[in-house]
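Reading the sequence shown from the start, the letters are residues 2 to 158 in this note's numbering.
Glycine included, every Cβ here is placed at the ideal spot set by N, Cα and C.
Please read these numbers as outputs of a predicted model, since none were measured by experiment.
One structure is given here, and the rest of the page talks about it.
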Amino acid sequence: MKPVKLLEIGRIGKPHGLRGEVTILLTTDRKERISAGSVLFLDSKQELIVQNSRSHKKRFLVLFKGMDTRESAEKVSGEKLFAEPLKDETTIWVHELIGKIVVDSYGCEHGEVVEIHANPASDLLVLDDGTLVPITFLSEIEEETIIVRVPKGIFPD
Numbered sequence: 002m003k004p005v006k007l008l009e010i011g012r013i014g015k016p017h018g019l020r021g022e023v024t025i026l027l028t029t030d031r032k033e034r035i036s037a038g039s040v041l042f043l044d045s046k047q048e049l050i051v052q053n054s055r056s057h058k059k060r061f062l063v064l065f066k067g068m069d070t071r072e073s074a075e076k077v078s079g080e081k082l083f084a085e086p087l088k089d090e091t092t093i094w095v096h097e098l099i100g101k102i103v104v105d106s107y108g109c110e111h112g113e114v115v116e117i118h119a120n121p122a123s124d125l126l127v128l129d130d131g132t133l134v135p136i137t138f139l140s141e142i143e144e145e146t147i148i149v150r151v152p153k154g155i156f157p158d
């Protein structure tokens, strides 16, 4: 079985109070990521289980199981938070596009997706040769390939 790649979902801020609560700034719009019982990970792969969470200004206050002092909360301040991808068979997650080969509607291969750049108009597939392809041009996603319908000029001749 392929190892699961963890996704960054937020960052731990300052401790709040004396009982181990921390502020969390989410980088996802999926608030259920920090609901009670959720399993999260630090960069070090240390597992954290959410005991309680609540909204606080533009952030969240989260209490993790076993973290019941301000001192324990201070130790994780500034750390990035990661989680396993949500299981949803009908949704394509951006991280699933990395490693796929981009093929145009004529069957020509144009390279491998090496990363995704966030862009206000449309996220961009970054190919191994540096070519940028807006995600809006995706036509079909298959096991190993992504078929795109692009206007002339996107790919070098």
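T146 in three-state terms, based on DSSP | strand
My understanding is that L43 touches E80, with C-beta atoms under 8 Å, so please give their C-beta distance in whole angstroms.
-> 5 Å
C-beta contact flag for E22 and L49 at 7 Å | Their beta carbons are not under 7 Å apart, which means E22 does not touch L49 by this criterion.
Backbone secondary structure at I136 - three-state DSSP | helix
Is A37 helix, strand or coil by DSSP?
-> coil
Runs of beta strand (DSSP E) lying entirely within the region 43 to 77, each at least 3 residues, in chain order = 48 to 57 and 60 to 65, all fully within the region 43 to 77.
Where do the ends of the beta strand (DSSP E) carrying V127 lie?
-> L125 to L128
Skipping 5 residues on each side, what residues in its chain have a beta carbon closer than 7 Å to that of K3?
-> Confidence at K3 is low in this model, with a pLDDT of 43, below 50, so its placement is unreliable and no value can be given for it.
Do T146 and V104 have their C-beta atoms closer together than 7 Å?
-> Taking a C-beta distance under 7 Å as the contact criterion, T146 and V104 qualify as a contact pair.
Cβ neighbours of G112 in the same chain (closer than 8 Å, five flanking residues each side left out) | I102, V103, L128, D129, D130 and T132
In the DSSP assignment, find the beta strand (DSSP E) that holds I25 and state where it starts and stops.
-> For I25, the enclosing beta strand (DSSP E) has its first and last residue at E22 to L27.
Could you spell out the range, first to last residue, of the beta strand (DSSP E) harbouring H111?
-> Unbroken beta strand (DSSP E) run through H111: E110 to H118.
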